[in-house]
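Residue numbers (our numbering), protein chains in the order written: chain A, 5 to 265; chain B, 31 to 282; chain C, 174 to 428.
Quick reminder that beta carbons are idealized off the backbone N, C-alpha and C, glycines included.
Predicted, not measured: the structure shown is a model, and the values here were computed from it.
Below: one structure, written as structure tokens.
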Amino acid sequence: MGSKQKERVHAILYWGLPVLAVILIVVAWVLFSAQHPELMPDPVSVWKRLIKTFVKPIGNTNLFGHAWASLSRVLLALLIAWAFGIFFGILIGWNRTARAIFGSIFEVIRPIPPIAWIPIMIMWFGIGELPKILLVFIGTFVPLVINTSAGISMVDKINISVGKVFGGSNMQILKDIVIPTALPSIFAGIRTSVSSGWTTVLAAEMLAAQRGLGSLVTKGWQGSDMALVLVAVITIAIIGSLLSFLLNKLEKVVCPWNSNK
Amino acid sequence: MAEFEDNRPLKVEVKGLTKRFGDLLVLDDLNFNIRKGEFVCVVGPTGCGKTTFLNCLTRIHMPSEGDLYIDGVPADPRKHNISFVFQEPSSLPWMTVEDNIAYGLKIKKLPQAEIDRRVNRILDLMGLQEVRKVYPGELSVSAEQRVIIGRSFAMEPDLLLMDEPYGQMDVKVRFYLEDEVIRLWRELGSTVVFITHNIEEAVYVAERVIILSNKPAHIKEELKIDLPHPRNIADPKFIEYRNYITDKIKWW
Amino acid sequence: MEQQQMTKKMEVKGISKTFYNKNSYFTAIENVSFDVKDGEFLVILGPGRCGKTVLLNIIAGLEEKTEGAVIYNGKEISGVNPEVGMVFQKLALMPFKTVLQNVELGMKFRGVPKAERHEVARRYIDLVGLKGFENSYPTQLSGGMKQRVGIARAYANDPKVLIMDEPFGQLDAQTRYSMQNEILRIWEQEKRTVVFVTNNIEEACYLGDRIILLSDCPAKVKEIYNIEIPRPRNMVSKEFMDLRAKISDNTDLAI
Numbered sequence: 005m006g007s008k009q010k011e012r013v014h015a016i017l018y019w020g021l022p023v024l025a026v027i028l029i030v031v032a033w034v035l036f037s038a039q040h041p042e043l044m045p046d047p048v049s050v051w052k053r054l055i056k057t058f059v060k061p062i063g064n065t066n067l068f069g070h071a072w073a074s075l076s077r078v079l080l081a082l083l084i085a086w087a088f089g090i091f092f093g094i095l096i097g098w099n100r101t102a103r104a105i106f107g108s109i110f111e112v113i114r115p116i117p118p119i120a121w122i123p124i125m126i127m128w129f130g131i132g133e134l135p136k137i138l139l140v141f142i143g144t145f146v147p148l149v150i151n152t153s154a155g156i157s158m159v160d161k162i163n164i165s166v167g168k169v170f171g172g173s174n175m176q177i178l179k180d181i182v183i184p185t186a187l188p189s190i191f192a193g194i195r196t197s198v199s200s201g202w203t204t205v206l207a208a209e210m211l212a213a214q215r216g217l218g219s220l221v222t223k224g225w226q227g228s229d230m231a232l233v234l235v236a237v238i239t240i241a242i243i244g245s246l247l248s249f250l251l252n253k254l255e256k257v258v259c260p261w262n263s264n265k
Numbered sequence: 031m032a033e034f035e036d037n038r039p040l041k042v043e044v045k046g047l048t049k050r051f052g053d054l055l056v057l058d059d060l061n062f063n064i065r066k067g068e069f070v071c072v073v074g075p076t077g078c079g080k081t082t083f084l085n086c087l088t089r090i091h092m093p094s095e096g097d098l099y100i101d102g103v104p105a106d107p108r109k110h111n112i113s114f115v116f117q118e119p120s121s122l123p124w125m126t127v128e129d130n131i132a133y134g135l136k137i138k139k140l141p142q143a144e145i146d147r148r149v150n151r152i153l154d155l156m157g158l159q160e161v162r163k164v165y166p167g168e169l170s171v172s173a174e175q176r177v178i179i180g181r182s183f184a185m186e187p188d189l190l191l192m193d194e195p196y197g198q199m200d201v202k203v204r205f206y207l208e209d210e211v212i213r214l215w216r217e218l219g220s221t222v223v224f225i226t227h228n229i230e231e232a233v234y235v236a237e238r239v240i241i242l243s244n245k246p247a248h249i250k251e252e253l254k255i256d257l258p259h260p261r262n263i264a265d266p267k268f269i270e271y272r273n274y275i276t277d278k279i280k281w282w
Numbered sequence: 174m175e176q177q178q179m180t181k182k183m184e185v186k187g188i189s190k191t192f193y194n195k196n197s198y199f200t201a202i203e204n205v206s207f208d209v210k211d212g213e214f215l216v217i218l219g220p221g222r223c224g225k226t227v228l229l230n231i232i233a234g235l236e237e238k239t240e241g242a243v244i245y246n247g248k249e250i251s252g253v254n255p256e257v258g259m260v261f262q263k264l265a266l267m268p269f270k271t272v273l274q275n276v277e278l279g280m281k282f283r284g285v286p287k288a289e290r291h292e293v294a295r296r297y298i299d300l301v302g303l304k305g306f307e308n309s310y311p312t313q314l315s316g317g318m319k320q321r322v323g324i325a326r327a328y329a330n331d332p333k334v335l336i337m338d339e340p341f342g343q344l345d346a347q348t349r350y351s352m353q354n355e356i357l358r359i360w361e362q363e364k365r366t367v368v369f370v371t372n373n374i375e376e377a378c379y380l381g382d383r384i385i386l387l388s389d390c391p392a393k394v395k396e397i398y399n400i401e402i403p404r405p406r407n408m409v410s411k412e413f414m415d416l417r418a419k420i421s422d423n424t425d426l427a428i
């Protein structure tokens with residue numbers, strides 16, 4: 005009784021609803037900015053402000069320069085955090101002695117939000133590049149270690165038995181069975197680390213930086229330039245979603261066996 | 031085989047039940063009736079669309095065509111009461127055995143006296159009185175499954191669907207539980223559809239067996255099992271039924 | 174019969190296993206002894222959940238025993254026995270490896286060169302009837318096919334004794350029948366000593382040269398049956414049904 009038709013209606017509905025939601029937000033924005041221009045610039049002025057960042061650079065660079073400044077800090081910190089965090093996570097997930105030594109220290113550091121480190125970092129290292137990268141490193145290292153070690157220690161005992169029956173050494177079992185089994189969980193850590201790294205870098209830049217999207221937000225805010233704030237915020241959102249899109253693609257390449265589920 | 035006289039009223043009618051996923055036809059125009067208080071087994075070859083069939087009966091999927099009628103009207107979860115027992119026991123771990131059995135009755139807002147009466151009856155019938163205050167996690171898997179079966183029977187459902195509830199249990203336990211389910215069914219007069227891959231089990235419990243074909247599933251045959259309970263699996267008549275059904279679906 | 178000439182491959186002598194907690198203990202296995210003859214298909218039949226997997230793990234050297242000894246070719250074994258292979262009920266296939274890579278795993282650990290590994294793995298993949306699925310991942314296979322991978326993986330490591338822990342326990346009744354025929358075909362083609370654990374009496378009677386019947390908790394040897402019915406066995410023949418009834422009457426009910 006018209007089930008084909010129903011399916012088609014559903015298909016259109018589920019494709020159309022997200023589009024509709026975006027349109028609604030834009031309409032609400034236009035309406036609100038028309039009534040309260042002092043609180044909210046309209047889309048056209050935001051667009052004009054965006055063009056202006058290229059014509060009249062802020063802090064000697066255009067919007068791309070600021071985006072790249074933020075991005076390069078995050079990427080550098082992430083690379084270091086991935087290397088150390090995954091290594092460290094495997095170590096405390098697999099080795100009981102390592103867990104005994106580092107586990108408790110880590111439990112204490114873990115609940116401190118990365119932003120709480122900002123004053124300490126500034127006092128210790130000033131306001132250059134190093135403290136910002138260190139901050140992002142701290143913010144991303146933690147989820148990596150948690151997810152990696154959880155993934156490693158949750159590997160089903162029976163899978164390790166398989167390795168033992170086959171006479172595998174500890175290293176072989178770790179490399180061929182345990183780490184790949186934990187990979188989806190490690191990847192979850194990577195995903196969290198990217199989003200928390202992105203958040204942390206912006207917070208750090210808002211406090212003290214010449215360049216970066218966070219510094220644009222602060223400049224706009226201090227100069228009552230709402231349009232500039234919006235330009236920065238929208239750029240932040242776009243880059244953030246691009247990053248998570250890339251990560252999803254990457255996960256399909258790294259863990260192809262997961263894609264069927 | 032010839033139709034036998036059965037003058038119990040019709041309870042469930044399945045009319046023209048068809049399910050497609052895109053272009054893939056899984057269920058092909060299934061038609062059958064179940065009488066009030068009847069115990070019917072559905073068997074079919076592995077991968078015949080059994081799960082889809084079940085999901086259509088339970089309304090997890092909507093059928094593409096055709097429907098399920100109870101007492102002559104289309105089945106409606108708000109009006110009718112369909113209970114299920116799945117392969118894996120699905121008790122609520124934070125409730126004791128008696129609360130698990132009472133749970134569905136409370137949702138239906140039955141009076142407390144009626145709830146107590148039904149719960150006690152089930153506990154008596156299944157010999158579960160000693161564990162009534164115990165949590166499911168403290169029971170074995172087979173005991174937990176018995177609680178679920180008790181819970182379903184306590185609902186006095188219009189239709190009780192069981193999806194291979196004893197699939198993972200050892201043979202001796204299975205026969206014990208099959209005897210128990212027959213006892214419950216006879217005492218409470220429920221209408222039961224029991225789905226299984228195990229032909230011996232089907233012949234052991236069913237009044238009537240519905241044999242499904244390979245995918246897309248249609249009904250190959252309906253077969254009355256004309257043997258008194260308790261049945262003997264080594265009885266030549268029993269083995270004749272078993273061989274007959276096996277020949278109909280054998281792929282291995 | 175041939176069985177009298179068979180030599181002892183393995184002796185399980187007085188195995189007990191007790192698990193200790195802070196203030197309680199639990200005996201899973203109590204004084205279990207039996208022989209495994211070279212080349213036989215030995216079935217260990219046990220009801221309920223008690224002790225079977227633990228017993229197998231002890232025989233394979235994966236778990237410590239509280240008492241007793243496992244003698245292999247006349248020598249007492251401690252630790253993992255490299256000549257024993259295992260097929261698990263829960264499959265334990267690596268989801269991140271293809272069928273071929275899963276089957277090769279043991280050879281990879283032993284350092285067998287790649288070309289030889291591929292060749293041996295392919296031979297066993299053919300043997301279990303999975304030709305054409307070498308590059309599939311386990312999630313793309315049905316339950317019966319996954320268990321075939323588990324069997325090929327165990328065989329490819331060239332074990333002298335194959336231990337199978339309820340390998341068909343998760344399969345539906347029909348797939349189970351088909352796999353029972355498969356395992357006999359494979360066993361007849363590639364003779365190894367098989368120790369097969371099941372809780373299914375029908376399966377035990379269909380497959381075994383001998384059946385060791387265990388009791389419910391704690392697991393003890395209740396009786397040992399020699400099965401003289403020639404293969405292929407007919408599951409509904411009188412002698413088969415009689416044997417089944419006899420063993421069933423002697424089996425504990427583990428509710």
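Q) Helix, strand or coil: how does DSSP classify residue 194 of chain C here? A) Position 21 of the third sequence, counting from 1, holds the residue named residue 194 of chain C. Note: residue 194 of chain C maps to coil in three-state DSSP.
Give the straight-line distance between the Cα atoms of residue 180 of chain B and residue 76 of chain B, rounded to the nearest whole angstrom. Looking up residue 180 of chain B in the second sequence gives position 150. Looking up residue 76 of chain B in the second sequence gives position 46. The straight-line gap from Cα to Cα measures roughly 28 Å.
message: Taking 8 Å as the threshold (beta carbon to beta carbon), is residue 261 of chain A in contact with chain C?
response: As a first step, residue 261 of chain A must be located in the first sequence, where it is residue number 257. Yes, because at least one Cβ of chain C sits closer than 8 Å to the Cβ of residue 261 of chain A.
Test: residue 168 of chain A CB closer than 8 Å to a CB of chain C: Mapped onto the first sequence, residue 168 of chain A falls at position 164. Residue 168 of chain A counts as touching chain C.
Figure out for me which residue from B/57, B/177 and B/215 has the closest Cα to the Cα of residue 68 of chain B. Numbered from 1 along the second sequence, position 38 holds the residue referred to as residue 68 of chain B. Residue 68 of chain B has its Cα closest to that of B/215, out of B/57, B/177 and B/215.
* In chain order, what residues of the same chain have a beta carbon less than 6 Å from the beta carbon of residue 258 of chain C, not counting five sequence neighbours either side? -> As a working note, residue 258 of chain C is residue 85 in the third sequence. Excluding residues up to 5 positions away in sequence, 327, 330, 332 and 335 lie with their Cβ nearer than 6 Å to the Cβ of residue 258 of chain C in the same chain.
- Query: residue 310 of chain C CB to nearest chain A CB: under 8 Å?
  - Reply: Locating residue 310 of chain C in the third sequence gives position 137, counting from the first residue. With 8 Å as the cut-off, residue 310 of chain C counts as an interface residue toward chain A.
Excluding five sequence neighbours on each side, which residues of the same chain lie with their C-beta closer than 8 Å to the C-beta of residue 308 of chain C?
As a first step, residue 308 of chain C is located in the third sequence; it is residue number 135 there, counting from the start. 271, 272 and 273.
* Close-in-space but distant-in-sequence residues of the same chain around residue 13 of chain A (CB under 6 Å, 5 per side omitted) -> Start at 1 with the first residue of the first sequence, and residue 13 of chain A comes out as number 9. So no residue of the chain qualifies.
_Minimum C-alpha distance to residue 152 of chain B - residue among B/244, B/128 and B/164_ = Numbered from 1 along the second sequence, position 122 holds the residue referred to as residue 152 of chain B. Checked all of B/244, B/128 and B/164; the closest Cα to residue 152 of chain B is B/128.
Handout entry: Rounded straight-line distance, which links the Cα of residue 200 of chain A to that of residue 143 of chain A
Key = The residue given as residue 143 of chain A occupies position 139 in the first sequence. The residue given as residue 200 of chain A occupies position 196 in the first sequence. In this structure, the straight-line span from the alpha carbon of residue 143 of chain A to that of residue 200 of chain A is close to 6 Å.
For the beta strand (DSSP E) containing residue 61 of chain B, name the first residue and the last one. The residue given as residue 61 of chain B occupies position 31 in the second sequence. Residue 61 of chain B -> beta strand (DSSP E) spans 54-65.
For this session: For residue 92 of chain A, I'd like the list of residues in its chain whose CB is within less than 6 Å of its CB, leaving aside the five on either flank, ordered along the chain.
Result: Counting from 1 along the first sequence, the entry for residue 92 of chain A is found at position 88. Taken in chain order, the residues that qualify are 149.
Q) Comparing the C-beta of residue 5 of chain A with each C-beta of chain C, is any distance below 8 Å? A) Taking the first sequence and counting its residues from 1, one reaches residue 5 of chain A at position 1. With a pLDDT of only 46 at residue 5 of chain A, under 50, the local geometry of the prediction cannot be trusted, and the value read off the model is given with reservation. Residue 5 of chain A does not count as touching chain C.
task: Verify the CB distance criterion: does residue 279 of chain C have a CB-CB separation below 8 Å to chain A?
output: Start at 1 with the first residue of the third sequence, and residue 279 of chain C comes out as number 106. Cβ-Cβ to chain A under 8 Å: yes for residue 279 of chain C.
- Show which residues of chain A have a CB atom less than 8 Å away from the CB atom of residue 235 of chain C. Here residue 235 of chain C corresponds to residue number 62 of the third sequence, with the count starting at 1. For a Cβ distance threshold of 8 Å, residue set 165, 168 and 169 of chain A lies close to residue 235 of chain C, ordered along the chain.
Query raised in the report: Taking just the CA atoms, how far does residue 202 of chain B sit from residue 397 of chain C?
Result: Position 224 of the third sequence, counting from 1, holds the residue named residue 397 of chain C. Position 172 of the second sequence, counting from 1, holds the residue named residue 202 of chain B. Their Cα atoms are separated by approximately 18 Å.
When the Cα atoms are used, what is the spatial distance from residue 235 of chain C to residue 174 of chain A?
Your numbering for residue 235 of chain C matches position 62 in the third sequence. Your numbering for residue 174 of chain A matches position 170 in the first sequence. Cα to Cα, residue 235 of chain C sits roughly 14 Å from residue 174 of chain A.
> Below 8 Å, can you find three or more Cβ-Cβ pairs linking the region 54-63 of chain B to the region 215-225 of chain B?
Replying inline: no
*Can you list the alpha helix (DSSP H) stretches of 4 or more residues lying completely in the region 130-200 of chain B, in chain order?*
142-156 and 171-184
Would a C-beta distance cut-off of 8 Å place residue 235 of chain B and residue 253 of chain B closer than the cut-off?
The residue labelled residue 235 of chain B in the question sits at position 205 within the second sequence. The residue labelled residue 253 of chain B in the question sits at position 223 within the second sequence. Contact flag unset, no.
TODO: Out of C/402, C/403, C/386 and C/401, state which residue places its alpha-carbon closest to the alpha-carbon of residue 395 of chain C.
DONE: The sequence position of residue 395 of chain C within the third sequence is 222, counting from 1. The option with the nearest alpha carbon to residue 395 of chain C is C/386.
According to DSSP, is residue 261 of chain C part of a helix, a strand, or is it coil? Against the third sequence, residue 261 of chain C aligns to sequence position 88. Coil, per DSSP.
- Classify residue 267 of chain C as helix, strand or coil using the three-state DSSP reduction. By 1-based counting over the third sequence, the position of residue 267 of chain C is 94. In the three-state reduction of the DSSP assignment, residue 267 of chain C falls in the coil class, being assigned neither a helical nor a strand state.
Sequence-distant residues of its chain with Cβ nearer than 7 Å to residue 89 of chain B (five each side left out): On the second sequence, position 59 is the one that residue 89 of chain B refers to. Within the same chain, 107 come within 7 Å of residue 89 of chain B by CB-CB distance, once the 5 residues on both sides are set aside.
message = Residues of the region 154-177 of chain B in Cβ contact with chain C at a cutoff of 9 Å, in chain order, please.
response = 170, 171, 172, 173 and 176
Problem - Backbone secondary structure at residue 170 of chain A - three-state DSSP - result: Here residue 170 of chain A corresponds to residue number 166 of the first sequence, with the count starting at 1. Of the three classes helix, strand and coil, the one that applies to residue 170 of chain A here is coil, per DSSP.
Next on the checklist: So, at 7 Å on beta carbons, what are the nonlocal neighbours of residue 212 of chain B in its own chain, with the 5 sequence-adjacent residues on each side left out?
Outcome noted: Indexing the second sequence from 1 puts residue 212 of chain B at position 182. If we look at residue 212 of chain B and ignore the five residues flanking it on each side, its Cβ neighbours are 235 and 259.
Can you round the beta-carbon distance between residue 228 of chain A and residue 63 of chain A to whole angstroms, since I take them to be within the 8 Å contact cut?
Position 224 of the first sequence, counted from the first residue, corresponds to residue 228 of chain A. Position 59 of the first sequence, counted from the first residue, corresponds to residue 63 of chain A. The Cβ separation is near 18 Å, so there is no contact.
| query | Which one or two residues does DSSP pair with residue 376 of chain C in a beta bridge? | reply | Counting from one through the third sequence, the residue named residue 376 of chain C turns up at place 203. Residue 376 of chain C pairs with nothing; no bridge assigned.
Task: Sufficient close CB pairs (3 or more, under 8 Å) joining the region 85-105 of chain A to the region 119-135 of chain A - done: no
Does any C-beta atom of chain C lie closer than 8 Å to the C-beta of residue 172 of chain A?
The count along the first sequence starts at 1 and reaches residue 172 of chain A at position 168. It does; some Cβ of chain C falls within 8 Å.
* Asked: Which of helix, strand or coil does DSSP assign to residue 408 of chain C?
  -> Within the third sequence, residue 408 of chain C is the residue found at index 235, counting from 1. Coil at residue 408 of chain C, not helix or strand.
By a C-beta neighbour count over all protein chains shown, 10 Å radius and 16 as the cutoff for buried, is residue 250 of chain A buried or exposed?
Along the first sequence, one-based indexing puts residue 250 of chain A at 246. Exposed is the call here.
Is the Cβ of residue 345 of chain C closer than 8 Å to any Cβ of chain B? By one-based count along the third sequence, residue 345 of chain C stands at place 172. So yes, residue 345 of chain C belongs to the interface.
Beta strand (DSSP E) segments (min. 3 residues) lying fully within the region 201-234 of chain C: 214-218
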